[in-house]
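Scroll down for the structure; my scribbles are underneath it.
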Amino acid sequence: MAVFLILAVCAFCLTYVWYQFRFTYWARRGVFSPKPVFPYGNIKEVVKRKAQFFQPYCDIYFKYKHLPYVGLYCFHRPVLCVNDLELAKHILIKDFEFFQSRGTFSGGVGDRLAGNLFNIHGPSWKKLRLKMSPAFSPGKLKSMYPMVEKIANDAMDYADTLYSNGESVNFSELYGRYAMEIIANIGFGLECNGFKSAKSEFYDRGREYFDPRTLYWTVIRAFAFIAPDTFDKLKIKRISDRIESFFYGLVRHTVEHRQKHAYRRNDFLQTLIELKNQAGAGKDGVANPHDFSFSMDDLAANTMLYMIAGYETSATTGTNFTAYQLALNPHIQDKVREEVVRVLEKHGGECTYEAQNEMVYFNMVLEETMRMYPSMRAIFRRCTKDYRLPGTDLVIEKGTLVFVPCQSIQMDPEIFPEPDKYNPERFTPENKAKLHPCHWMPFGEGPRKCLGVRQGYIQSKMALVKILPKYELLLDERTLVPMRIKTSSLVPQAEGDVWIKLRKLPQKT
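Numbering follows my numbering, in which position 104 of the sequence shown is assigned residue number 777; successive positions increment by one, without gaps.
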């Protein structure tokens, strides 16, 4: 026992000394860094779940925005927080070749669902991005549009039922189910009837994928983000066997069924099936190991890409927070409603693909929502080869994580006056044309900008397009004002949820 204690003390002392040396990394490079705390670095409050994951980087911007960049530590790992917009433009756009990686865990043996377009980088990312771009073309989105509208009608029926029962609507739940239903239909080829079924396993597993239910998986998720290379080496799983088995099994079963019965459907999953078949065939039907490779694991992982891209944008930022702000600002709600009614009348009362594209003010409203509540509060990249920041002597070493605190930039009063005021007029076409490329980045920026931007706008609008002509949105007393964001969530989620009362409007006869 005595020997064990001596070894433990020695190990702790060596670890402490090693950490203290690591904490001199930025000082040795002449970069200012707030004092880190052993062993957390600068994320102690995040680890203790007292601050949201990206909060330290957002706070740093406002404390030190006079500096072009600030050095931080995520445990022992150095992170560079970039405040200067021109430097951010170089990192995200101009010199993208040095920052192709997001630095997230890219899967492999440890996690068959992680190796998707969001996580991978390098030549494999470039090839896959090129192959998948047509899946989000206007023509493809138009072919999928009827499925989105049908689900929006189901959401409307659900809201009607709650109104008839004299109940307020938990919009956080309503739009969570709405988004998951779209993801299930278009991304997985599955109708799960989430509005009619009291217990949808797809919805339940999907929520668990985004919001781990145990401390163990919460820590694992954070560690996978901080040290993805360690996960690759140790083959640690990033998600539970239960979640992986459910989604992987669902995808495999659906793919096998479609191929066995020669069944086709205009959805995202069909695009992935075609990619798999094309990759397997090779040139003239002969497989070539140097051609584009796309296995069943790749297919399953990229169905999760649709979930990642579709859930947070539609379920929280695009609609949940928009409903909150419309209820809080009735004059803006009236203006949106007027546009929706006017455009629908022009199109014979039908919310066609073309009709929703004409709702310019509604787009401005969504853009103002995403300014205040972007689904990712910071854009992160990992340096893939040594890079000298333009106009400086600083060389960012390969493997260093770089953060651009986009929410702080979008809430900077020098860029957007009165940033806490909800004002869609900031995003008129004329005003948008004057913005720096890095002033507004809720979908990211540069070559890794989200492919599903158009799909995000459609999903975010559709349910509200159905609800607003019929009901006025009023805040329920259960909704916190001002809103507070859950500290435990990776993306912004409203503490206590968004509860809305519906008041029926007189209808034209």
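For each residue, glycine too, the CB sits at the ideal point set by N, CA and C.
Original post:
Beta carbon of residue 1172, beta carbon of residue 1157: below 7 Å?
Top reply: No, the Cβ-Cβ distance between residue 1172 and residue 1157 is not below 7 Å.
Subject >> Bounding residues of the alpha helix (DSSP H) (the contiguous stretch that carries residue 687) >> reply: Here the alpha helix (DSSP H) through residue 687 covers 675–695.
Subject >> 4 or more residues per run - each alpha helix (DSSP H) lying fully within the region 752–826 >> reply: Listed in chain order, they are 758–762 and 796–805.
**OP:** Provide the residue span of the alpha helix (DSSP H) that contains residue 1129, from first to last.
**Re:** From DSSP, the alpha helix (DSSP H) with residue 1129 extends over 1126–1140.
Original post:
When you compare only the Cα positions, how much space is there between residue 907 and residue 894?
Top reply: Using only the alpha carbons, I get a separation of about 15 Å.
Original post:
Within 10 angstroms of its Cβ, does residue 1174 collect 16 or more other Cβ (buried), or is it exposed?
Top reply: Per the 10 Å Cβ criterion, buried.
Original post:
Going by beta carbon distance, what residues of the same chain come within less than 6 Å of residue 1060, once the five residues before and after it are set aside?
Top reply: Within the same chain, and ignoring the five residues on either side of residue 1060 in sequence, the residues whose Cβ sits closer than 6 Å to its Cβ are 771 and 1069.
**OP:** May I ask you to verify whether the region 1039–1053 touches the region 697–717, counting CB pairs closer than 8 Å and requiring at least 3?
**Re:** Touching, no.
Original post:
For residue 1151, does the three-state DSSP call read helix, strand or coil?
Top reply: In the three-state reduction of the DSSP assignment, residue 1151 falls in the coil class, being assigned neither a helical nor a strand state.
Subject >> Residue burial classification, residue 993 (beta-carbon count within 10 angstroms, cutoff 16) >> reply: Buried, by the Cβ-count rule.
Original post:
Can residue 825 and residue 1136 be called in contact, C-beta distance under 7 Å?
Top reply: Their beta carbons are under 7 Å apart, which means residue 825 touches residue 1136 by this criterion.
**OP:** Whole angstroms is fine: what's the gap from residue 1039's alpha carbon to residue 1126's?
**Re:** Spanning the two alpha carbons is a distance of roughly 12 Å.
Original post:
Helix or strand or just coil, what does DSSP make of residue 852?
Top reply: Here residue 852 sits in helix by DSSP.
**OP:** Return no unless some Cβ of chain B is closer than 7 Å to the Cβ of residue 883.
**Re:** Here there is only one protein chain, and chain B is not present.
Subject >> residue 1010 vs residue 814 beta-carbon contact at 7 Å >> reply: Between residue 1010 and residue 814, the gap from beta carbon to beta carbon reaches 7 Å or more.
Subject >> Straight-line Cα distance separating residue 951 from residue 966 >> reply: When rounded, the distance between both Cα atoms is 9 Å.
Original post:
What's the call for residue 1058, buried or exposed, on a 16-neighbour Cβ count within 10 Å?
Top reply: The residue is exposed, with fewer than 16 neighbouring Cβ atoms inside 10 Å.
Original post:
Applying the criterion that 16 or more other CB atoms from any shown protein chain within 10 Å of the CB defines a buried residue, is residue 794 buried or exposed?
Top reply: The residue in question, residue 794, is buried, as its Cβ has 16 or more Cβ neighbours within 10 Å.
**OP:** Keeping to the same chain, check which residues put their C-beta closer than 6 Å to that of residue 1138; ignore five residues upstream and five downstream.
**Re:** For residue 1138, where only same-chain residues beyond five positions count, the Cβ hits under 6 Å are 1013 and 1024.
**OP:** State yes or no: is the C-beta of residue 751 within less than 7 Å of the C-beta of residue 1073?
**Re:** Taking C-beta atoms as the reference points, residue 751 and residue 1073 count as a pair closer than 7 Å.
Original post:
Are there three or more Cβ pairs, one per stretch, closer than 8 Å when the region 866–878 is compared with the region 850–858?
Top reply: Touching, yes, given that three or more Cβ pairs across the two stretches are closer than 8 Å.
Subject >> Separation of residue 1154 from residue 1179, as counted between CA atoms >> reply: Answer to the nearest angstrom: the Cα atoms are 29 Å apart.
Original post:
Straight-line CA distance for residue 1004 to residue 1093?
Top reply: Approximately 17 Å between the Cα atoms of the pair.
Original post:
Exposed or buried, which one is residue 1122 when buried takes at least 16 other CB atoms within 10 Å?
Top reply: With fewer than 16 other Cβ atoms within 10 Å, it is exposed.
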